[in-house]
Structures are given as C-alpha cells and as structure tokens.
Amino acid sequence: MAKKASAKAAAAPTAGAKTRQYEAMFLFGAAFAPEVDKAVGIARGIIERHAGEVLVAKKWDERKLLYEITGNKRGLYVITYFNAPSNAIAGIERDVNLSEEVVRVLVTDADHLNKEEMEKVEPQPIVREERPSWERNDRFEGGGGGRGGYGGGGDRGDRGGDRGGDRSDSRDSRPPRRDDRAAEPAAKD
0 MAKKASAKAA AAPTAGAKTR QYEAMFLFGA AFAPEVDKAV GIARGIIERH AGEVLVAKKW
60 DERKLLYEIT GNKRGLYVIT YFNAPSNAIA GIERDVNLSE EVVRVLVTDA DHLNKEEMEK
120 VEPQPIVREE RPSWERNDRF EGGGGGRGGY GGGGDRGDRG GDRGGDRSDS RDSRPPRRDD
180 RAAEPAAKD
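Numbering (numbering that gives the first Met the number 0), first residue to last: 0 to 188.
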C-alpha cells in the first residue's frame, strides 16, 4: 500500500506548477492502424495520468516510416493538444518510454494555438524534393554520358583540348615501373 501511495505522489505534479498548453505527437506501431480509437485512448490516458486536460485528440495520419523503429516500418500518428503543468512532461515521456504500445512521442509548446486551429490540423502531403541534375548519381547506371565511371571514357571538357604535347612520348622516355616490368612477357632464349 505504501508503494502505491509513493508512486502516486511521484506522478502527481507539485502544487503551484504553471499550467501550459502543449501539443504531443504520439507514434504507434502499424498494429494500431485498424484500432485508432484504442490508440487515441492510450494517448489520452497517458496525458490524464499526469494531471493533463486533453483538449483535442485525433488520428493525424498513417505513414511509412523513413527508417525502421523497433521493428515497425509503418506507423500511426495521433496528435493531441492538452493543458498540463510543465513538470508533467517528463512523466509523460517516461511513460511512453516504458510503454510497449507507443513507439515515440514528441511534445512541443502550443500556447500560440486556439481551439479552432487545433481542430483544423491535418496531415501535410509528403513533398518530394527534385534534385538538380548535377546531384543525380546516374553515371553508374550504365547510361554513359557522364565523365567516366563504369560507362567509360567521355571527354573531360574541364581540361580543355590539347594539353601541350604528345603524351605518348613521355611514357616511353621514363623508366619502367615495377608493375610495368611484371606485365611484360618474359623473353625466351
């Protein structure tokens, strides 16, 4: 019984703590995609457990994750707006870290939003940025046309045409390298 009382005292915010408005984006695994109400309920429960008053809680979107997080390739995002004491945020983040259902959470300040703006929040389309042609890595895809790579050859236009003399003469005038000697066939007597 004493353990329960101390746990409640640790989770309860201290008296006199300033209440602020926050936005929290909860990320759930793909298993929660068909159970949106359950995911929203879990997010609401975590906030209310730490003396938070939920203003808006809804599904934001279901998306493919940029990289795999704890075995999840897709995720369900739930967005919540709530009022809570500032010292409750650490408890919310701790509960998420201990939770098996919630993958991640991001809590930010939302004092600048009113209730109408909170309810209007919708997912934004994913913008694919077009890379300029000089950043493309198409020279290794066999299309040639580049400055070498696996496609081979191509004029190195940045060096200009003639670079001063016949380069084949300079190779004959230098002594052979060790590699050059090994490549020559052995003379037979």
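Glycine included, every Cβ here is placed at the ideal spot set by N, Cα and C.
Inset, instruction - Take I88 and list the residues in its own chain whose beta-carbon comes closer than 6 Å to its own, dropping the five residues that flank it on each side. - result: V106
Inset, instruction - Taking L112 as part of the beta strand (DSSP E), name the residues at either end of that continuous run. - result: No beta strand (DSSP E) contains L112, which DSSP labels as neither H nor E.
Legend entry - CA nearest to the CA of A42, picked from H111, K17, Y76 and A30: Y76
Inset, instruction - Determine the closest residue to E22 out of E61, L112 and E99, with distance taken between C-alpha atoms. - result: Minimum Cα-Cα distance from E22 among the listed residues E61, L112 and E99 corresponds to L112.
Legend entry - Cross-strand partners of R73 (DSSP beta bridge): K63
Legend entry - Pairwise C-alpha distance: E34 and G74: One alpha carbon belongs to G74, the other to E34, and they sit about 12 Å apart.
Legend entry - Three-state class that DSSP yields for G28 in the structure shown: strand
Legend entry - When Q20, K37 and M24 are compared against L54, the one with the closest alpha-carbon: Q20
Legend entry - Alpha-carbon spacing of N82 relative to I91, whole angstroms: One C-alpha to the other measures close to 13 Å.
Inset, instruction - Can you tell me the Cβ-Cβ gap for K57 and I78, rounded? I've got them flagged as a contact below 8 Å. - result: 6 Å
Inset, instruction - Would you give the residue range spanned by the alpha helix (DSSP H) that R93 belongs to? - result: A87 to L97
Inset, instruction - Out of E99, A38, R93 and S85, point me to the one whose CA is closest to D209's CA. - result: Because the chain spans 0 through 188 in this model, residue 209 falls outside it and cannot be assessed.
Inset, instruction - Could you tell me which residues DSSP puts in a beta bridge with E22? - result: Y80 and T107
Inset, instruction - Can you say whether A38 is buried or exposed, counting buried as having 16 or more other CB atoms within 10 angstroms of its CB? - result: buried
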